[in-house]
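A.B. asks:
In full-length UniProt numbering, the protein residues as written are 1 to 157.
So, in structure tokens, the structure goes:
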């Protein structure tokens, strides 16, 4: 059974950032694109991955989605797609439009980060096995991801 770490963060920072980008920069961003960039940056830091290529798999409830290469190093308005067969370093599951607040599914070779909403709050859940991440790496990953959600400008600076 995988290990699990959960966090709860205010949603205002990320929502205000998306609104600001649209109103001031005329740039429409999908929340999942922002989350992919934040997750890749947090994972890169936790793994001390430096310039290594990281692939983030964006998933919906049916496990369908797309894979992004180094979304933390790309413009938020244009995230580069990966080869669909590329091995993902992290699965990112968007539950925000669903009544589901967390889930634990079998069959992933990578850690899984899910994001749900509860009112004005984001619920974040990281599932991982010891061969994927150490406890310290997992704590760092979810902490840095939560920090970026709370203050998105942290990611840009």
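Cβ coordinates follow ideal geometry from the N, Cα and C atoms, glycine included. No experiment lies behind these values; they were computed from the predicted model shown.
Which residue wins for smallest C-alpha separation from residue 81, given the options 151, 74, 68?
C.D. replies: When only C-alpha atoms are compared, the closest one is 68.
A.B. asks: Answer with buried or exposed for residue 44, where buried requires no fewer than 16 other C-beta atoms within 10 angstroms of its C-beta.
C.D. replies: Its Cβ being crowded by 16 or more others within 10 Å, residue 44 is buried.
A.B. asks: Would you tell me roughly how many angstroms separate the C-alpha atoms of residue 50 and residue 31, rounded to the nearest one?
C.D. replies: Taking the straight line joining both Cα atoms gives about 25 Å.
A.B. asks: Could you tell me which of 41, 77, 5 sits nearest to residue 25, measuring between CA atoms?
C.D. replies: Taking only the C-alpha atoms, the option nearest residue 25 is 77.
A.B. asks: So, for residue 137: in the same chain, excluding its five sequence neighbours on each side, which residues have a beta-carbon less than 6 Å away from its beta-carbon?
C.D. replies: The residues are 46.
A.B. asks: Going by C-alpha to C-alpha distance, which of 10, 153, 34 sits closest to residue 93?
C.D. replies: It is 34.
A.B. asks: Measuring alpha carbon to alpha carbon, tell me which of 90, 101, 85, 19 ends up nearest residue 142.
C.D. replies: Minimum Cα distance to residue 142 is reached at 90.
A.B. asks: Would you please state the rounded distance, in angstroms, between the beta carbons of residue 126 and residue 4? I believe it to be under 8 Å.
C.D. replies: Going by Cβ atoms, the distance from residue 126 to residue 4 rounds to 7 Å, so yes, they are a contact pair.
A.B. asks: Terminal residues of the continuous beta strand (DSSP E) containing residue 124?
C.D. replies: From DSSP, the beta strand (DSSP E) with residue 124 extends over 121-128.
A.B. asks: Whole angstroms is fine: what's the gap from residue 139's alpha carbon to residue 23's?
C.D. replies: Going by the C-alpha atoms only, they are around 34 Å apart.
A.B. asks: If you follow the beta strand (DSSP E) that residue 3 is part of, which residue opens it and which one closes it?
C.D. replies: It spans 3-10 - the beta strand (DSSP E) in which residue 3 sits, taken as one unbroken run.
A.B. asks: Whole angstroms is fine: what's the gap from residue 39's alpha carbon to residue 132's?
C.D. replies: Those two C-alpha atoms are separated by around 15 Å.
A.B. asks: With a Cβ-Cβ cutoff of 8 Å, do residue 87 and residue 2 count as a contact?
C.D. replies: No, the pair does not count as a contact, with Cβ atoms beyond the cut-off.
A.B. asks: Where does residue 114 sit, in a helix, a strand or coil, going by DSSP?
C.D. replies: In this structure, residue 114 counts as strand in the three-state DSSP scheme.
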